[in-house]
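For the sequence shown, position 13 (counting from the first letter as 1) is numbered 13 according to UniProt numbering, and the numbering increases by one without interruption.
See structure below.
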Amino acid sequence: MASALAALSASAPELAAHIRTVAAERLTRLSVELWMALLPVASYWFVAIVYDILDHLQLPWTERHRIRSDAERQKRNSRSRSHVILRVLVQHMIQLTVSIGMVFVEPDMCDARRWRGWLSGVPRFLLGMFVMDAWQYFIHRGVHESKLLYNTVHSHHHRLLVCYSYGALYNHPLEALLLDTLGGVVSLYGAGLSCGGAAALWTLGSVKTVLDHCGYVWPVNFLSPFFPNNALYHDVHHDPRGFRKNYSQPFFTFWDKLLGTYMDPAEIHNGRFSPAKGEAAGEAEGDAAATKKGSRREKKLA
């Protein structure tokens, strides 16, 4: 151990010089390496804050399109907003550490991954979406199927029974690393994306994750024809009746349909999700029992 520590100490000046050089050359204001790290985080908070403002304003028109009422959210969620914000900030610190750390480990990575035109870039981008979806589906389903992993790791995310925007990445730090952060890295290398393509994919995935947890269903959604995985779809997964359904995220739903874990949102909401119809915005038959069941689960896992 002493020799290892001595070797580490001897290499410390070289390591410090390497970090300074890479930071000066690769992490400038206009560098794709820097924006690849920052854009997903900045876009997450921008979209989340917009929806949080809507939550607080409670305008009549927007409230009509809210899946669950604010009263239901306060009643069923077992974690405070401040706690959720701090946990999401931890996730983003992990994300930034990994994405910037990749640049220090492989300084020339973006030189070797240049944009090579639309004919190559678009198929790779679509492949990246497929890889990210596959990674998240199987990891997500795995942490549900394993009682140990669910109770120790994934149960944190399900302490928010009613979704809201900036709670989208409320996770245990291990899940933050395994599911979301490494999912982005795997999509980068698995699809052979350029750094610009990775920045675009990670940013789209980040925004889509917030939208899937925002708690609103709008009459016009330009993303729905391409991505049927939306807020109503994911709300099913946070409902105790759909707890082992609708694992897919953030883009498509075909993994659920192929592997028998798909649940039509109409089975829970029956087309009724406006708070104007009562506190439990989709107070379909059985909601009261589901709420009680969810509360018992939360007490057990807390």
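No residue lacks a Cβ here, since even glycine has one placed at the ideal position from N, Cα and C.
All of these numbers come straight from a predicted model, not from anything done at the bench.
Look at Arg244 here: in three-state DSSP terms it is coil, with no helix or strand label. Take the alpha-carbon of Cys214 and the one of Ala168: they are about 8 Å apart.
Linking Ala191 to Ile100 through their CA atoms gives a straight-line distance of about 20 Å.
For Val122, the uninterrupted alpha helix (DSSP H) run begins and ends at Trp118 to Glu145, by DSSP. In this structure, the straight-line span from the alpha carbon of Asp70 to that of Asn77 is close to 11 Å. Leaving aside the five residues that flank Lys245 on each side, the residues in its chain whose CB is nearer than 8 Å to its CB run, in chain order, Val236, His237, Asp256, Thr261, Tyr262 and Met263. Cβ contact annotation for Thr209 (same chain, cutoff 6 Å, sequence separation greater than five): Ala168 and Pro250, in chain order. In this structure Ala231 touches Tyr216 by the C-beta definition: roughly 6 Å separates them, less than 8 Å. Where Leu204 is concerned, the enclosing alpha helix (DSSP H) starts and stops at Cys195 to His213. Within its own chain, the residues whose Cβ lies closer than 7 Å to the Cβ of Val153, once the five positions on either side in sequence are excluded, are Val143, His172, Leu174 and Glu175, listed in chain order. DSSP links Arg66 through a beta bridge to Tyr216.
Burial check for Ala198: the Cβ neighbour count within 10 Å reaches 16 or more, so the residue is buried. In the displayed model, Thr28 falls within coil according to three-state DSSP, outside both helix and strand. In this structure, the straight-line span from the alpha carbon of Pro228 to that of His234 is close to 10 Å. Counting C-beta pairs with one atom in each stretch, the segment 24 to 44 and the segment 121 to 131 have fewer than three that are closer than 8 Å, which means they do not touch.
Excluding its 5 nearest sequence neighbours in each direction, Trp45 has C-beta neighbours in its own chain below 8 Å: Tyr166, listed in chain order.
In the DSSP assignment, Met102 falls within the alpha helix (DSSP H) that extends over Arg81 to Val105. Met109 sits in coil when the DSSP states are folded into three classes, being neither helix nor strand. In the displayed model, Val162 falls within coil according to three-state DSSP, outside both helix and strand.
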